[in-house]
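Chains A and B supply the protein sequences, listed in that same order.
With the working numbering, letter number 2 in the first sequence gets 326, and the count goes up by one each step, no holes.
With the working numbering, letter number 392 in the second sequence gets 972, and the count goes up by one each step, no holes.
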Amino acid sequence: MSDDFDAAGHVAHMEKALGLKVEDDWRPVVEAHVSAIQKAAELVLETPMDDDVEAAPVFVP
Amino acid sequence: MNPEKDLAGQTATDIAIAVADRMVSASKVVEASLDRIEHLNSKLNAFTEVTAARALQRATEVDASIAKGERLPLAGVPFAVKNLFDIKGLVTRAGSKINLENAPACKDAALIRKLENAGAILVGGLHMGEYAYDFTGENAHDGNCVNPHDITRMSGGSSSGSGAAVASGMVPVTLGSDTNGSIRVPSSFCGLFGLKPTYGRLSRHGTYPFVGSLDHLGPMARSAKDLALVFDVLQGHDGSDPAQSDKPYLPTQNFLDQGVGDLRIAVADGYFRQKAEPKALMAVDQVAEALSASSMIEIPEAAEARAAAFVITASEGANLHFNRIRARAQDYDPDTRDRFIAGAMVPAGWVLQAQRFRSRFRAKMREIFETVDVLLAPATPFDALPSGTRTITLDGETMPARPNIGLFTQPISFVGLPVVAVPVWLAGADLPIGVQVIAPAWREDIALRVANQLEIAGICSSKVSKF
């Protein structure tokens, strides 16, 4: 996923989907942050995880 | 305590004893603290609000209580709080411009009430990085809070004022918050003892959140004994913080002097020995040697833990601010704004996987703590950076400075383990650097015992800056 990840394309799509305004001079930094988050996420996504591992937050009714 | 001596260097423990024994009045202690704040704050920018009238009134009340024979464990101890804590009558700034439009808080945060009920006296609110998304102490709205040991350098953040106020002797104790390292980083840069308790130990009620899944509160001080004194007062379930656990009270102060002979202590290996400047590792090794800790333990998947914390922080922090970042992004600190915008764009699957990984890493850390009682690791990869530093180079890799100051703190808070950051002054060093003393969940007492032993042995110490 990492090599193919298009941060600029992701930001361009998501800003429209979410109604966000990214000024031109903010865009390179936002794209850099998105790339950093994607790299971090990839590291976690590549970790093999048993199906019975549940997300940490537990709702207590 | 000698009441004639400059009160700036006194610990909370010494002040509380002196006030309780009527060697000095709470009013005199508070006046000295306010004088020092007035003298130093223009240089350091540690305080954003000083509650002088309230503090002097409260000091009068404490003196009256002492005169009636009441015993208060924190009698007359001045303290201040990161400005994300609610202070009755003041707007809770959380380091921002936007929050200044909010109504003033109608009551104090839960932990402020606990400290004041024990005789401590609030003297003000402290500088922080905007919305706690910071490791530097730099803030576009409020200016930079600088390091009292070298004002050309960062105080560390995001509990920047909490670090600078204690290191400069304005107050002996502050409260901060720590989501990914924001108590431990300024403790390292400013040379303090800082306690990040177990996730869920202390009530966060009445504080402005950053990332609810990871937010902790805790004290910073110039001695381990002060941390224990304050931690024992701060405990107690109040039912208002959805993440707070209803754990039994854990007394720590009276068990500090037990020594560490019964503890199995190891140095964290692998991830925690990489991407660190030599001084960070030397500090760990010096502490390890003093504790006769010769074994090294690899912490598997620490890099993944840090990455997962990074993803959760980006997404959950951005979610809290989503409507504001959409409507008025220009009112944020640019360093915060661009990360919130990026965080708003994180796919749900990345965050959910990170939260599942949190469960997995917790299980791994539990296994490790079946074989040891304490882990030692650097608090920061280096000592305080020059203000304005944008990039750092570690192990030949150049990376952005701001997010990577917390390389070593982030995997630990990710699974909520209690940590005391202890300050080391290496031979000939002009600046301190911190070491994390990491204990199993719910065992703050162990980390505090180790910190106290290191302080008694002279391996770790906190100095008031030379102002």
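No residue lacks a Cβ here, since even glycine has one placed at the ideal position from N, Cα and C.
In this text the structure is predicted, and so the values were computed from the model without any measurement.
### Top-ranked residue by Cα proximity to THR754(B), from ASN760(B), GLY761(B), PHE769(B) and PHE773(B)
The count along the second sequence starts at 1 and reaches residue 754(B) at position 174. Between THR754(B) and the set ASN760(B), GLY761(B), PHE769(B) and PHE773(B), the nearest pair of CA atoms involves PHE773(B).
### Message
How far does the alpha helix (DSSP H) with GLU869(B) in it extend, from its first residue to its last?
### Response
Taking the first residue of the second sequence as 1, we reach residue 869(B) at position 289. 858–870 is the extent of the alpha helix (DSSP H) around GLU869(B).
### Query
Counting along the chain, where does the alpha helix (DSSP H) carrying GLN933(B) start and finish?
Within the second sequence, numbered from 1, the residue matching residue 933(B) stands at position 353. For GLN933(B), the enclosing alpha helix (DSSP H) starts and ends at 928–948.
### Message
At the 8 Å Cβ level, is ILE921(B) part of the contact set with chain A, yes or no?
### Response
Along the second sequence, read from residue 1 onward, the residue named residue 921(B) stands at position 341. Chain A has a Cβ within less than 8 Å of the Cβ of ILE921(B).
### Query
For ARG651(B), which residues from the same chain have a beta carbon less than 7 Å from its beta carbon, with the 5 sequence-adjacent residues on both sides left out?
Stepping through the second sequence from its first residue, residue 651(B) is reached at position 71. Closer than 7 Å at Cβ, skipping near neighbours: ALA600.
#### Entry: Among VAL1017(B), ALA1009(B) and ASP795(B), the one whose alpha carbon lies nearest that of ALA1001(B)
Within the second sequence, residue 1001(B) is the residue found at index 421, counting from 1. Checked all of VAL1017(B), ALA1009(B) and ASP795(B); the closest Cα to ALA1001(B) is VAL1017(B).
### Query
Is there contact here, the stretch 690–705 of chain B with the stretch 649–664 of chain B, by at least three beta-carbon pairs under 8 Å?
Inter-segment contact for the stretch 690–705 of chain B and the stretch 649–664 of chain B is present: three or more beta-carbon pairs are separated by less than 8 Å.
### Task
Report the rounded CA-to-CA distance for GLN824(B) versus GLN933(B), giving the unit in angstroms.
Residue 824(B) sits at position 244 when you count from the first residue of the second sequence. Residue 933(B) sits at position 353 when you count from the first residue of the second sequence. If you draw a straight line from the Cα of GLN824(B) to the Cα of GLN933(B), it is about 24 Å long.
### Query
Which bits of chain A does LEU997(B) rub up against, with CB to CB less than 9 Å?
Within the second sequence, numbered from 1, the residue matching residue 997(B) stands at position 417. The premise fails here: LEU997(B) is roughly 14 Å from chain A at the closest Cβ pair, so nothing lies under 9 Å.
### Message
Quick check on DSSP: helix, strand or coil for PHE962(B)?
### Response
Taking the second sequence and counting its residues from 1, one reaches residue 962(B) at position 382. Here DSSP, grouped into helix, strand and coil, assigns PHE962(B) to coil.
#### Entry: As assigned by DSSP and simplified to three states, the class of MET338(A)
Within the first sequence, numbered from 1, the residue matching residue 338(A) stands at position 14. If DSSP states are grouped into helix, strand and coil, MET338(A) belongs with the helices.
### Task
Using a Cβ cut-off of 8 Å, pull out every chain B residue sitting near GLY343(A), in sequence order please.
Reading the first sequence from its first residue, position 19 is the one you call residue 343(A). The answer, in chain order, is ARG906.
#### Entry: Per-residue DSSP class, three states only, for PRO980(B)
Along the second sequence, one-based indexing puts residue 980(B) at 400. Three-state DSSP puts PRO980(B) in a strand.
### Query
So which residues of chain A does ARG940(B) contact, with C-beta pairs closer than 9 Å?
The residue you call residue 940(B) lines up with position 360 of the second sequence. Within 9 Å Cβ-Cβ: THR371, MET373, ASP374 and VAL377.
### Message
Does LYS662(B) come out as helix, strand or coil in the three-state DSSP assignment?
### Response
Taking the second sequence and counting its residues from 1, one reaches residue 662(B) at position 82. Annotated three-state conformation of LYS662(B) is strand, per DSSP.
### Query
Would you say ALA364(A) reaches chain B, if we count a Cβ-Cβ gap shorter than 8 Å as a contact?
In the first sequence, counting from the first residue as 1, residue 364(A) sits at position 40. Between ALA364(A) and chain B, the shortest Cβ-Cβ separation is below 8 Å.
### Query
Within 10 angstroms of its Cβ, does ASN1049(B) collect 16 or more other Cβ (buried), or is it exposed?
Any property of residue 1049(B) remains undetermined from this structure, which presents chain B solely from 581 to 1047.
### Neighbourhood of ASP849(B) by C-beta, 8 Å cutoff - its chain only, sequence neighbours within 5 removed
For this step, residue 849(B) is matched to residue 269 along the second sequence. Here the set comprises MET876, ILE877, GLU878 and ILE879.
### Task
Say whether chain B places a C-beta atom closer than 8 Å to the C-beta of PRO385(A).
To locate residue 385(A), count along the first sequence from 1; it is residue 61. Output row for PRO385(A): interface = no.
### Message
According to DSSP, is GLY1048(B) part of a helix, a strand, or is it coil?
### Response
Only positions 581 to 1047 of chain B appear in the structure, and residue 1048(B) is not among them; the question remains open.
### Message
Can you check which of these residues, LEU836(B), THR716(B), GLN935(B) and PRO822(B), is closest to LEU1034(B) by C-alpha distance?
### Response
For this step, residue 1034(B) is matched to residue 454 along the second sequence. Nearest option by C-alpha distance: LEU836(B).
### Task
Identify each residue in the stretch 937–969 of chain B for which the Cβ-Cβ distance to at least one residue of chain A is less than 8 Å, and report them in chain order.
Residues PHE937, ARG938, SER939, ARG940 and ARG942.
### Message
Which of the three DSSP states is assigned to PHE1047(B) in this structure?
### Response
Position 467 of the second sequence holds residue 1047(B). PHE1047(B): coil per DSSP, three-state reduction.
### Query
Mind pulling the chain E residues with CB within less than 7 Å of ASP918(B)?
In the displayed structure, chain E is absent; the protein chains listed are A and B.
#### Entry: Minimum Cβ-Cβ distance from SER793(B) to chain A less than 8 Å
In the second sequence, residue 793(B) corresponds to position 213, counting from 1. Interface residue, yes.
### Message
Along the chain, where does the alpha helix (DSSP H) containing VAL630(B) start, and where does it finish?
### Response
Working through the second sequence from its first residue, we reach residue 630(B) at position 50. Segment 627–630 is the beta strand (DSSP E) holding VAL630(B); no alpha helix (DSSP H) there.
### Task
Please decide whether ALA894(B) counts as near chain A, where near means a Cβ-Cβ distance under 8 Å.
Here the question's residue 894(B) lines up with position 314 in the second sequence. Taking CB atoms only, ALA894(B) has a neighbour in chain A less than 8 Å away.
#### Entry: chain A contact residues for GLU881(B), given Cβ-Cβ distances below 8 Å
Here the question's residue 881(B) lines up with position 301 in the second sequence. Going along chain A in sequence order, the residues near GLU881(B) (Cβ under 8 Å) are THR371.
### Task
Less than 8 Å between the CB atoms is what I'm expecting for GLY1014(B) and PHE715(B), so what's the real figure, rounded?
In the second sequence, counting from the first residue as 1, residue 1014(B) sits at position 434. In the second sequence, counting from the first residue as 1, residue 715(B) sits at position 135. With a Cβ gap of about 13 Å, GLY1014(B) and PHE715(B) do not count as contacting.
### Query
What residues of chain A sit near TRP1022(B), judged by a beta carbon separation below 8 Å?
To locate residue 1022(B), count along the second sequence from 1; it is residue 442. TRP1022(B) does not reach chain A, its nearest Cβ partner there being about 16 Å away, counting only Cβ pairs nearer than 8 Å.
### Query
Are LEU843(B) and ASP953(B) close, meaning C-beta to C-beta below 8 Å?
Within the second sequence, residue 843(B) is the residue found at index 263, counting from 1. Within the second sequence, residue 953(B) is the residue found at index 373, counting from 1. Yes, the pair counts as a contact, with Cβ atoms nearer than the cut-off.
### Message
Please report whether the beta-carbon of GLU710(B) lies at a distance below 8 Å from any beta-carbon of chain A.
### Response
Translated into the one-based positions of the second sequence, residue 710(B) becomes position 130. Taking 8 Å as the CB threshold, GLU710(B) stays off the interface with chain A.
### Message
So if DSSP puts MET800(B) in a beta bridge, which residue, or which two residues, is it bridged to?
### Response
One-based indexing of the second sequence puts residue 800(B) at position 220. BP columns for MET800(B) point to THR754(B) and GLY774(B).
### Message
Using CA atoms only, rank isn't needed, just tell me which of SER605(B), PRO777(B) and ALA928(B) is closest to GLY816(B).
### Response
Translated into the one-based positions of the second sequence, residue 816(B) becomes position 236. Comparing Cα-Cα distances from GLY816(B) to each of SER605(B), PRO777(B) and ALA928(B), the minimum goes to PRO777(B).
### Message
Does GLU584(B) pass the burial test, meaning 16 or more other C-beta atoms within 10 Å, or should it be called exposed?
### Response
For the purposes of this step, residue 584(B) is taken as residue 4 along the second sequence, with counting starting at 1. Low per-residue confidence applies at GLU584(B): pLDDT is 46, beneath 50, and the placement is therefore not dependable, though the value from the model is reported in the following sentence. GLU584(B) is exposed by the Cβ-count criterion.
### Query
Would ALA626(B) count as contacting chain A if we go by Cβ distances under 8 Å?
Position 46 of the second sequence, counted from the first residue, corresponds to residue 626(B). The beta-carbon of ALA626(B) is placed no less than 8 Å from the nearest beta-carbon of chain A.
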